[in-house]
Amino acid sequence: MAKSAIFKPSLFGLKHSNRDFTQKETWGKNQFNSSFPASLCAYLDGKGLKNVYLKLDENLKIQPALIRGVSIPP
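Last residue of the sequence shown: 195 in the numbering used here, with the numbers rising by one and none dropped.
The structure is reproduced here in structure tokens:
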């Protein structure tokens, strides 16, 4: 039987985070809610997908807009 790889808990694209995702507390509401959006943006960019968010214009009509990522050297 082949051994499966063991990965350290993490969120996609967050290599330089001050969060230690091996700790249970890191997955709590306040810390996870601030880390997940950054990870989702990195994932979408990594897959070549557009990162769309919705905003309201001055007439309260829904307007789609793009979030553009910034590349950070490794």
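Just so you know, even glycine gets a beta-carbon here, dropped at the ideal spot from N, CA and C.
Between the segment 145-152 and the segment 174-183 there are fewer than three C-beta pairs closer than 8 Å, too few to call the two in contact. In terms of Cα proximity to I188, the closest of K145, P158, L181, I127 is P158. In the structure shown, the three-state DSSP call for P158 is helix.
Take Q184, set aside five residues on each side of it, and the residues of its chain with a beta-carbon closer than 6 Å to its own are K176, D178, in chain order. Counting the other CB atoms within 10 Å of its CB gives L132 a total of 16 or more, which places it among the buried residues.
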